[in-house]
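Q: Residues in the sequence shown are numbered consecutively from 14, following UniProt numbering.
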Amino acid sequence: GSSAVVTGKKRLQWSSRMAFILAAAGSAVGLGNIWKFPYITGENGGGAFVLVYLACILLIGIPVMMAEIMIGRRAQKNPAEAMESLALEAKANRLWKSVGWMGVICGFLILSFYTVIAGWAVSYVFTAGSGAFVDITPDQAGAMFGGMLADPIRLLSWSTLVVIVTMYIVGRGVNAGLEKAVNFLMPGLLVLILIMVGYAMSTGHFIEGVEFLFAPDFSKLSTESVLVALGHAFFTLSLASGAIMTYGSYLPKNTSIVKTSMAVGIVDTAVALLAGMAIFPIVFAYGLEPGAGPGLIFVTLPIAFGQMPFGTLFGVLFFLMLSIAAITSAISLIEPAVSWLTEKRQFSRLKACVTSGLGLWILGLGTVLSFNVWENHKLFGKTFFDLMDFLTANLMMPLGGLCVAIFAAWVIKSKVAEEELGLGKGLLFKAWQFAMRYLTPIGIVIVFLNALGVISL
Ligand code: PHE
Ligand code: NA
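1) Using 8 Å as the threshold, is the stretch 239–252 in touch with the stretch 273–282, meaning 3 or more CB pairs across them?
2) So, are the CB atoms of S232 and N57 less than 9 Å apart?
3) If you check the beta carbons only, do I295 and G222 fall under 9 Å apart?
4) When the Cα atoms are used, what is the spatial distance from P76 to T150?
5) Less than 9 Å between the C-beta atoms of A37 and I257, yes or no?
6) So F447 and E431 are supposed to be a Cβ contact under 8 Å. How far apart are they, rounded?
7) If you draw a straight line from the C-alpha of F461 to the C-alpha of L240, how long is it?
8) Counting only runs of 4+ residues fully inside the stretch 280–335, write out the alpha helix (DSSP H) ranges in chain order.
9) Contact between the stretch 37–57 and the stretch 284–300 is defined here as three or more beta-carbon pairs at a separation below 8 Å; is this criterion met?
10) In angstroms, rounded to a whole number, what distance separates the CA positions of N463 and G456?
11) Nearest CA to the CA of R185: which residue from L72, R362, L354, G413?
12) Going by C-alpha distance, which of W423, G414, K426, P265 is nearest G113?
13) Residues in the same chain with beta-carbon distance under 8 Å from G300, minus the five sequence neighbours each way, listed in chain order, please.
14) Report the option in G466, N385, L309, V424 whose CA atom is closest to the CA atom of A105.
15) Here's a check: name, in chain order, each residue in its chain whose Cβ is nearer than 8 Å to the Cβ of R86, leaving out the five neighbours to either side.
16) Taking buried to mean at least 16 other C-beta atoms within 10 Å of its own C-beta, is V148 buried or exposed?
17) Measure the C-alpha to C-alpha separation of S383 and T268 and round it to an integer number of angstroms.
18) Please return the same chain residues whose Cβ sits closer than 6 Å to the Cβ of A365, not counting the five positions on each side in sequence.
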């Protein structure tokens with residue numbers, strides 16, 4: 014069975030390799046794949062952006078994932094203490110702890126807006142169910158989405174529900190029921206996305222959509238776009254946020270970190286690309302704007318559901334699955350904070366959940382208001398939501414990834430990494446070490462300096 018068991022004193026552990034893969038995939042696959050990937054791809058001009066993103070996943074994301082799981086499992090602690098204890102073991106500075114801390118904070122900040130967007134998805138379960146998508150025109154779909162954003166009470170109600178459900182699940186511990194949910198969620202979500210891709214094929218604009226997604230036009234790629242692609246590689250794989258490191262700390266010793274990371278990376282990438290293949294043909298078929306921003310899927314998909322047979326049913330199922338996928342990610346975003354509060358501060362699990370839930374709910378108000386009342390309040394030209402997104406995905410995550418790579422390949426003893434990854438001294442290990450030692454740090458620094466305008470390539 015794929016359930017988590019408690020070993021020793023408090024330390025949870027996944028019962029099997031499959032249980033961990035499911036949990037990690039549940040963390041990875043979420044709004045990042047279906048909501049964020051399509052709209053940032055649209056905003057950043059398509060193919061060239063996607064190519065850079067794929068390169069970031071393969072060369073940086075998956076190797077960093079291996080490093081994070083390795084750190085978590087080796088230390089058997091929450092991210093902050095894991096970094097600290099491994100640093101001490103390697104006779105390095107205990108301030109490495111702050112990298113773990115930054116991850117926990119980053120996860121918390123992400124969650125404050127993640128729950129608001131998840132609230133949109135939950136809200137659309139009911140909108141779909143009411144039959145509102147039937148024969149909807151692009152203008153009506155836009156107005157429907159705009160109407161939801163304009164109503165802070167509505168946004169707040171749904172996001173509050175998401176916060177409560179998440180905290181309830183986390184409060185009960187890494188839970189067998191949750192793993193079972195992920196069990197049917199992944200295949201179910203995949204089937205629905207395939208149905209959407211099928212519809213996209215019938216629009217007569219499938220090739221146009223696929224070309225937008227895969228034919229690179231590098232003239233459309235700005236230095237800022239490269240940073241967005243890099244940041245999204247971390248975001249979509251749940252890295253540099255404490256999530257994967259914490260899940261890794263529950264991983265049994267005999268499980269292959271390498272195979273697991275690859276499996277999660279492949280599933281996550283497949284879901285994102287399929288979502289893009291479903292959405293862009295619809296965008297072009299109905300004369301919509303690829304760069305429409307965060308509302309992209311909430312405007313395009315209702316049109317598709319409104320046209321296809323059984324569209325109301327599929328619409329309900331799709332937004333329901335998206336909501337559940339968002340919640341399995343939300344759980345992993347808060348778990349690092351909760352594990353720190355319980356392990357280090359001796360909070361009960363319940364108290365830890367209520368405290369962090371309240372905190373992120375309050376922070377979430379900023380995102381809720383940034384789509385209506387505070388729409389025109391901007392700092393550096395960004396709304397509160399834009400700022401949170403930029404701060405986490407484009408600054409904290411690449412920075413965190415950089416530090417994790419340096420830590421894993423320069424600070425921790427090579428022998429420890431060899432043992433944990435189980436690759437011996439083979440070519441694959443050398444490749445991982447090269448990625449962590451040189452590729453990732455140099456790549457991230459160059460992308461940063463470029464985006465900041467310090468250098469220009
Ligand atoms: N990976 C999740 C997604 O793509 C978001 C996430 C980020 C989850 C960071 C956990 C940690 O939706
Ligand atoms: Na993802």
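Note that the Cβ used here is the ideal one computed from N, Cα and C, for glycine as well.
A: If we stick to the structure as given:
1) Under the three-pair Cβ rule at 8 Å, the stretch 239–252 counts as touching the stretch 273–282.
2) Residue numbering aside, residue 232 sits at position 219 when the sequence shown is read from its first letter. Residue numbering aside, residue 57 sits at position 44 when the sequence shown is read from its first letter. Going by C-beta atoms, S232 is not nearer than 9 Å to N57.
3) If you number the sequence shown from 1, residue 295 lands on position 282. If you number the sequence shown from 1, residue 222 lands on position 209. At the C-beta level, I295 and G222 come within 9 Å of one another.
4) Here residue 76 refers to the residue found at position 63 of the sequence shown. Here residue 150 refers to the residue found at position 137 of the sequence shown. C-alpha separation (whole angstroms): 44 Å.
5) Counting from 1 along the sequence shown, the entry for residue 37 is found at position 24. Counting from 1 along the sequence shown, the entry for residue 257 is found at position 244. Using a Cβ distance threshold of 9 Å, A37 and I257 count as a contacting pair.
6) Position 434 of the sequence shown, counted from the first residue, corresponds to residue 447. Position 418 of the sequence shown, counted from the first residue, corresponds to residue 431. About 14 Å separates the beta carbon of F447 from that of E431, a gap too long to meet the 8 Å contact definition.
7) For the purposes of this step, residue 461 is taken as the residue at position 448 of the sequence shown. For the purposes of this step, residue 240 is taken as the residue at position 227 of the sequence shown. If I take the Cα positions, the gap works out to 7 Å.
8) Correct list: 309–320.
9) Output reads yes: the stretch 284–300 touches the stretch 37–57.
10) Translated into positions along the sequence shown, residue 463 becomes position 450. Translated into positions along the sequence shown, residue 456 becomes position 443. So the two alpha carbons sit approximately 11 Å from each other.
11) As a position in the sequence shown, residue 185 is number 172, starting the count at 1. Comparing Cα-Cα distances from R185 to each of L72, R362, L354, G413, the minimum goes to R362.
12) Taking the first residue of the sequence shown as position 1, residue 113 is located at position 100. Comparing Cα-Cα distances from G113 to each of W423, G414, K426, P265, the minimum goes to G414.
13) Your numbering for residue 300 matches position 287 in the sequence shown. Closer than 8 Å at the Cβ level, and outside the excluded window around G300, lie P151.
14) Taking the sequence shown and counting its residues from 1, the one referred to as residue 105 is at position 92. The shortest Cα separation from A105 among G466, N385, L309, V424 belongs to V424.
15) Looking up residue 86 in the sequence shown gives position 73. Excluding positions up to five away in sequence, the list reads G261, S262, L264, K266, I270, E433.
16) Position 135 of the sequence shown, counted from the start, is the residue given in the question as residue 148. Reading the sequence as shown, one finds Asp at residue 148 and not Val. When all chains shown are included, D148 counts as exposed.
17) Stepping through the sequence shown from its first residue, residue 383 is reached at position 370. Stepping through the sequence shown from its first residue, residue 268 is reached at position 255. Looking at the two C-alpha atoms, the distance is approximately 44 Å.
18) Within the sequence shown, residue 365 is the residue found at index 352, counting from 1. Answer for A365: V351, L354, T355, listed in chain order.
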